[in-house]
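Below is one structure, written out as structure tokens; comments come after it.
Chains as they are written, first to last, in my numbering: chain A, 3 to 113; chain B, 3 to 114.
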């Protein structure tokens, strides 16, 4: 299974863009990159996913490098409610269809 | 929000007693999952189901069993609860194996 590496924690000022990096150097060709977040005590929330093209939805943008070995989740205008643990997960293809969570990045948005 | 209901939301039980947690969905999703979350370990998959009566083990399945007799319900049973099973349990659903999953609000279980 492809593994991911994320920083343990990051800070961001309210109103600024939050850029959360993720390394997944062993990703295989048919595996997707998924992002979830978990606000304290709540269930994880799906944010976005992509294969190789950049993706954008109402919550965030996902930038995947051309070699697909890393990606960045962008929250364009972070708010205090975006303070959460963000998980980058590689999944899909073959038998790797189980959503496996790592430690994630604790993003703290400061006023 | 996806139609997922976990019950009970909180439970305190004694060591050695059986406990059943219920996950109910109204989305008609094929896949259902049970996770537990503990400090220092993050979310870990216990069991999952890929259809009615079709289930398989996750990474921490010892001490747990599951059943899925109909699409909408996925039950997690602790046959004889132990203190090490004190945790927050999350249910999740997804349409297919490699699509986004939607999580319930969790069940906080305390085994004393």
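The C-beta atom is built at its ideal place from N, Cα and C for all residues, glycine as well.
Keep in mind it's a predicted model, so treat the numbers as computed, not measured.
Legend entry - Bridge-paired residues (DSSP) for residue 50/A: 37/A
Inset, instruction - Mark residue 85/A as exposed unless 16 or more other C-beta atoms lie within 10 angstroms of its C-beta, in which case mark it buried. - result: buried
Inset, instruction - Tell me the start and end of each unbroken alpha helix (DSSP H) in the segment 5-74 of chain B that is at least 4 residues and wholly inside, in chain order. - result: none
Inset, instruction - Could you tell me whether the Cβ of residue 66/B comes closer than 8 Å to any Cβ of chain A? - result: no
Legend entry - Chain-ordered residues of the segment 74-103 of chain B with a beta carbon less than 9 Å from chain A: 90, 92, 93, 94, 96, 98, 99, 100, 101, 102, 103
Inset, instruction - Grab me the residues of residue 87/A's own chain with a C-beta within less than 6 Å of its C-beta, minus the 5 sequence neighbours each way, in chain order. - result: 40, 106, 108
Inset, instruction - Could you give the DSSP three-state label for residue 73/A: helix, strand or coil? - result: strand
Legend entry - Any C-beta of chain A under 8 Å from that of residue 45/B: yes
Legend entry - Burial state of residue 102/A, where buried means 16 or more other Cβ atoms lie within 10 Å: buried
Legend entry - Neighbour-count burial assignment, residue 75/A, 16 or more Cβ in a 10 Å radius: buried
Legend entry - Pairwise C-alpha distance: residue 36/A and residue 102/B: 8 Å
Inset, instruction - Evaluate contact between the segment 6-20 of chain B and the segment 65-75 of chain B, counting only Cβ atoms and requiring at least three cross-stretch pairs below 8 Å. - result: no
Legend entry - Under 8 Å (Cβ pairs) to chain B, residues found in the segment 43-65 of chain A: 43, 44, 45, 46, 47, 48, 51
Legend entry - Cross-chain neighbours of residue 108/B in chain A, by beta carbon under 7 Å: 45
Legend entry - Amino acids of chain A, ordered along the chain, whose beta-carbon sits closer than 8 Å to that of residue 60/B: 100
Inset, instruction - Please name the residue, chosen from 49/B, 38/B, 18/B, that lies closest to residue 57/B on a Cα-to-Cα basis. - result: 49/B
Legend entry - Per-residue burial, residue 46/A [other beta carbons within 10 Å of its own, 16 or more giving buried]: buried
Legend entry - Option in 10/A, 17/A, 9/A, 24/A with minimal Cα separation from residue 91/A: 24/A
Inset, instruction - Report the neighbours of residue 105/A on chain B: residues whose CB is nearer than 8 Å to its CB, in chain order. - result: 44
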